[in-house]
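Asks: Take a look at the following structure, please.
Protein chains: 2
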Amino acid sequence: MWPNTSFIDLIGIKFPIIQAPMAGASGADMVVATCEAGGLGSLPCAMLEVEKFQAEFHVIRQRTNSPVNLNFFCHAPAGLDPDRETAWKNHLAPYYTEYGLDTATPTPRISRVPFDENMCAVVEKLQPEVVSFHFGLPARVLLDRVKSAGCIVICSATTVEEAQWLEYRGCDAIIAQGAEAGGHRGMFLTDEVSSQVGTMALVPQVVDAVQVPVIAAGGIADGRGIAAAFALGAAAVQIGTAYLFTPEATITPLHRAALTAAHDDGTALTNLFSGRPARSLLNRVMREIGLISDKTPAFPTAGGVLAPLKAKAEAAGKDDFSSLWSGQAARLGREMGAFVLTQTLASDASERLTAIAARD
Amino acid sequence: MWPNTSFIDLIGIKFPIIQAPMAGASGADMVVATCEAGGLGSLPCAMLEVEKFQAEFHVIRQRTNSPVNLNFFCHAPAGLDPDRETAWKNHLAPYYTEYGLDTATPTPRISRVPFDENMCAVVEKLQPEVVSFHFGLPARVLLDRVKSAGCIVICSATTVEEAQWLEYRGCDAIIAQGAEAGGHRGMFLTDEVSSQVGTMALVPQVVDAVQVPVIAAGGIADGRGIAAAFALGAAAVQIGTAYLFTPEATITPLHRAALTAAHDDGTALTNLFSGRPARSLLNRVMREIGLISDKTPAFPTAGGVLAPLKAKAEAAGKDDFSSLWSGQAARLGREMGAFVLTQTLASDASERLTAIAARD
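Chains A and B, in that order, give the protein sequences.
32 is the number of the first residue of the first sequence in the numbering used here; add one for each residue after it.
32 is the number of the first residue of the second sequence in the numbering used here; add one for each residue after it.
Here it is in structure tokens:
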């Protein structure tokens, strides 16, 4: 049924569709619905305590026997830099004043722990069928343990060089994350946002450069995009933004409203919210402070200074300081459950692949 | 043979492939080869005097009876701004010193005339089958005359809003120019580079928003990209960078060498060379001065200050100050003549469309 079955054969799933792990925006419900529909559901573990993702996994396992993906971050965690944080807070001080906040109040800590010994031990115990990484791979010894546990390992690449690096280190499949994608860029061998590559150009170049199956991501939100990904040589797609329109998405009403009103050119890459470049719908802080600042504290700590502003603004019904993760194809999103969405994406893609061969 | 024939039927050509007009990089030879192969050849007229493009058209017409596209710019021409130019020259003064150039020497004038009364009169006389515009459309009265002369009118859009604007004003087909594309962004309702949309996301959103045929551009350089464009709903593609690898391309050996060595992430959008954002392979001036400067003189005059540096550096075998226009898929380029390239692109696309339906 699919023109390239290397990925679905590798994983043992029906549809070549990965529901993207979206930390803070998706949980067990979305994973289960996607898996039961025939796709690969992904649980984002980067913002969860070990006990929490273990519990979530058990919930998922009770509700589906299909393969599941656990996703982790592999960033080098930055230590606290109080001087930098203070300078950043001073930079944003006018907003603190506007909202009656005291800059002397201690900055909330934002924690995103990279894949470590503890998480690895739990993965070995849970033995999920798939483990995916973002921001590169964990240390060799941890990676070997994940693979020895029988997990298929996949990871995001934003350039051909990153894809080759991942294949050389044993990744079983590679996500070619085009610049259209929402949320954090998976970049780990470069920090140059301006030269990030669009999906249409990236996918075939990665396909030419590696032997393992390539998963296309970025700007894909309907059957047309999935068919296009296969035309480019991909063996699967990873879709995020389209799943934010499902009731399973654990996003704020403000984020949901912004997505519903999104335009094609309404997003940009910014490092304001976390310290790393990520694609968000444009909002006030992005427009006023600038998209990429050299003053933000390092990932993942940057969000701490914005957190009190975000809380105050959201309470007032404003998304001025919220990270509104979205890819460039939000406009193609449709409100439906994750189960129906997964099946609709698959059937639309199948129809599209047939239609473009029909030569009407 | 093609899944969507609306564009080839409209123009009366065999293959849904437009050779992109590339001012300074292509002329009659490339047009003729493309047209004779079954595609639509495009003569870039923006940097040519009226007499010159008229003469070129006559050369083309003697060598092919197939439809031909004449391409023009529709920018609002900036007047000279001596203060701004002097400030820019002072900004680049260290390079002048390095090359033993005197900043007091008058700056060369760079002329790119927008579509005007004179050009329109020649178009009415020549009656090319297609006229394409970049940077928006000419004044209503001129556009009406072009259409009354029987020319099919097409124009680039970089956003859905621009596409709708063009359709409302009577464009017969619209080029959805994704962010991967090389050379000048056709943007005319926005100047926000950071929110420009990738081809994968842009094409289906434009297809949904307009009734006229959509031509996909940006990151498409082989049969896979063409097949993907059709999957997204396009009725044709416009391809530039791949044609720079043909002997018909009138580019410098330095530019050709840089293209041959290109990597997927080796380009960026910059306004340094002309005053408007355009995608170029990264070189010294882009790395050192920054990609987008608010100090450049307005389009099209900005190149004047760089011109003496470019001449000196190129004479020394360096591309440090040269505009090295390229899209993000240069790596997919193959050295072959424009005739063979056009036919190869068409047959590869056809094979690809068949292969992805084959469900092996």
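Quick reminder that beta carbons are idealized off the backbone N, C-alpha and C, glycines included.
If you're wondering where the values come from, they're calculated on a predicted model, not measured in any experiment.
Just to confirm, are P113 of chain A and F146 of chain A a CB contact at a threshold of 8 Å?
Replies: Residue mapping note: residue 113 of chain A aligns to position 82 of the first sequence, counting from 1. Residue mapping note: residue 146 of chain A aligns to position 115 of the first sequence, counting from 1. In terms of Cβ geometry, P113 of chain A and F146 of chain A do not form a close pair [threshold 8 Å].
Asks: Of the choices B:R365, B:I323, B:L303 and B:G364, whose alpha-carbon is the least far from that of A338 of chain B?
Replies: Position 307 of the second sequence, counting from 1, holds the residue named residue 338 of chain B. The shortest C-alpha separation from A338 of chain B is found at B:L303.
Asks: Which residues in chain B have a C-beta closer than 7 Å to the C-beta of R383 of chain A? List them in chain order.
Replies: Within the first sequence, numbered from 1, the residue matching residue 383 of chain A stands at position 352. Using a Cβ-Cβ cut-off of 7 Å, R383 of chain A is close to A262 of chain B, given in chain order.
Asks: So, helix, strand or coil for D391 of chain A, using DSSP?
Replies: Looking up residue 391 of chain A in the first sequence gives position 360. Caution applies to D391 of chain A, whose pLDDT of 44 falls short of 50 and renders its modelled position unreliable; the value that the coordinates give is listed next. In this structure, D391 of chain A counts as coil in the three-state DSSP scheme.
Asks: The beta strand (DSSP E) that contains L74 of chain B, what's its start and end?
Replies: Along the second sequence, one-based indexing puts residue 74 of chain B at 43. It spans G72 to P75 - the beta strand (DSSP E) in which L74 of chain B sits, taken as one unbroken run.
Asks: On the criterion of 16 or more Cβ atoms from any shown chain inside 10 Å, does G89 of chain B qualify as buried, or is it exposed?
Replies: Numbered from 1 along the second sequence, position 58 holds the residue referred to as residue 89 of chain B. Rather than Gly, the amino acid found at residue 89 of chain B in this sequence is His. Exposed.
Asks: Please specify which runs of the alpha helix (DSSP H), each continuous and at least 4 residues long, are wholly inside the segment 323-385 of chain A, giving them in chain order.
Replies: Listed in chain order, they are 334-346.
Asks: Closest to G335 of chain A by CA distance: which of A:V191, A:V268, A:V184 and A:K120 is it?
Replies: Here residue 335 of chain A refers to the residue found at position 304 when the first sequence is read from its first residue. It is A:K120 whose Cα lies nearest to the Cα of G335 of chain A.
Asks: Could you check the C-alpha separation between P47 of chain A and T65 of chain A for me, to the nearest Å?
Replies: On the first sequence, residue 47 of chain A is found 16 positions in, with the first residue counted as 1. On the first sequence, residue 65 of chain A is found 34 positions in, with the first residue counted as 1. Approximately 11 Å, taken between the alpha carbons.
Asks: Output, in chain order, the set of chain B residues within a Cβ distance shorter than 7 Å of G250 of chain A.
Replies: On the first sequence, residue 250 of chain A is found 219 positions in, with the first residue counted as 1. What G250 of chain A touches in chain B: G229, M231 and A232.
Asks: With DSSP run on the structure shown, which of helix, strand or coil describes L312 of chain A?
Replies: The residue labelled residue 312 of chain A in the question sits at position 281 within the first sequence. Strand, per DSSP.
Asks: Where does the unbroken alpha helix (DSSP H) through H89 of chain B begin, and where does it stop?
Replies: Walking along the second sequence from the start, residue 89 of chain B turns up at place 58. Taken as a continuous stretch (DSSP letters only), the alpha helix (DSSP H) holding H89 of chain B covers V81 to R94.
Asks: Within a Cβ cutoff of 6 Å, which residues of the same chain sit near Q374 of chain A, ignoring the five residues on either side of it in sequence?
Replies: Taking the first residue of the first sequence as 1, we reach residue 374 of chain A at position 343. Same-chain partners within the cutoff: A68.
Asks: Going by C-alpha to C-alpha distance, which of A:A109, A:A204, A:P75 and A:E279 sits closest to I39 of chain A?
Replies: Taking the first sequence and counting its residues from 1, one reaches residue 39 of chain A at position 8. Selected option, being the one with the closest Cα: A:A204.
Asks: Can you list, in chain order, the residues of the segment 343-360 of chain A whose Cβ is nearer than 8 Å to any Cβ on chain B?
Replies: G358, Q359 and A360
Asks: Just the C-alpha distance for D391 of chain B and F261 of chain A, rounded to the nearest angstrom, thanks.
Replies: What you label residue 391 of chain B is simply residue 360 of the second sequence in a count that begins at 1. What you label residue 261 of chain A is simply residue 230 of the first sequence in a count that begins at 1. With a pLDDT of 44 at D391 of chain B, under the threshold of 50, the modelled position of this residue cannot be trusted; read the value that follows with caution. Going by the C-alpha atoms only, they are around 13 Å apart.
Asks: Can you pull the DSSP bridge partners for V162 of chain B?
Replies: The residue you call residue 162 of chain B lines up with position 131 of the second sequence. Paired residues: B:L101 and B:V184.
Asks: For E211 of chain A, go through chain B and note every residue whose CB falls closer than 8 Å to its CB, in chain order.
Replies: One-based indexing of the first sequence puts residue 211 of chain A at position 180. Simply V228, G229, M231 and A232.
Asks: Quick one: which chain B residues come within Cβ less than 7 Å of V191 of chain A?
Replies: Here residue 191 of chain A is taken as the residue at index 160 of the first sequence, counted from 1. Near V191 of chain A (Cβ distances below 7 Å), the residues of chain B are H294 and D295.
Asks: Determine the burial state of E279 of chain A: buried for a count of at least 16 other Cβ atoms within 10 Å of its Cβ, exposed for fewer.
Replies: Residue mapping note: residue 279 of chain A aligns to position 248 of the first sequence, counting from 1. With at least 16 other beta carbons inside 10 angstroms of its own, E279 of chain A counts as buried.
Asks: Please classify Q208 of chain A as buried or exposed, where buried requires at least 16 neighbouring CB atoms within 10 angstroms.
Replies: Walking along the first sequence from the start, residue 208 of chain A turns up at place 177. Burial call: buried.
Asks: Rounded to the nearest angstrom, what separates V144 of chain A and L275 of chain B at their Cα positions?
Replies: Here residue 144 of chain A corresponds to residue number 113 of the first sequence, with the count starting at 1. Here residue 275 of chain B corresponds to residue number 244 of the second sequence, with the count starting at 1. Distance between the alpha carbons of V144 of chain A and L275 of chain B: 47 Å.
Asks: Counting along the chain, where does the alpha helix (DSSP H) carrying T301 of chain A start and finish?
Replies: Here residue 301 of chain A corresponds to residue number 270 of the first sequence, with the count starting at 1. Where T301 of chain A is concerned, there is no enclosing alpha helix (DSSP H), although the beta strand (DSSP E) it sits in stretches over T298 to T301.
Asks: Let's test the definition: count the other Cβ atoms within 10 Å of the Cβ of V172 of chain B and tell me whether it reaches 16, buried, or not, exposed.
Replies: What you label residue 172 of chain B is simply residue 141 of the second sequence in a count that begins at 1. Burial call: exposed.
Asks: Beta-carbon separation of I323 of chain B and V224 of chain B under 8 Å?
Replies: On the second sequence, position 292 is the one that residue 323 of chain B refers to. On the second sequence, position 193 is the one that residue 224 of chain B refers to. Yes, the Cβ-Cβ distance between I323 of chain B and V224 of chain B is below 8 Å.
Asks: Distance cutoff 8 Å, beta carbons only. Does Q236 of chain A sit that close to anything in chain B?
Replies: Counting from 1 along the first sequence, the entry for residue 236 of chain A is found at position 205. Output row for Q236 of chain A: interface = yes.
Asks: Kindly indicate which three-state DSSP category I44 of chain A falls into: helix, strand or coil?
Replies: As a position in the first sequence, residue 44 of chain A is number 13, starting the count at 1. Coil.
Asks: Can you give me the Cβ contacts of A54 of chain B inside the same chain, cut-off strictly under 6 Å, excluding the 5 residues immediately before and after it?
Replies: As a working mapping, residue 54 of chain B is identified with position 23 in the second sequence. The answer, listed in chain order, is P75, A77 and M78.
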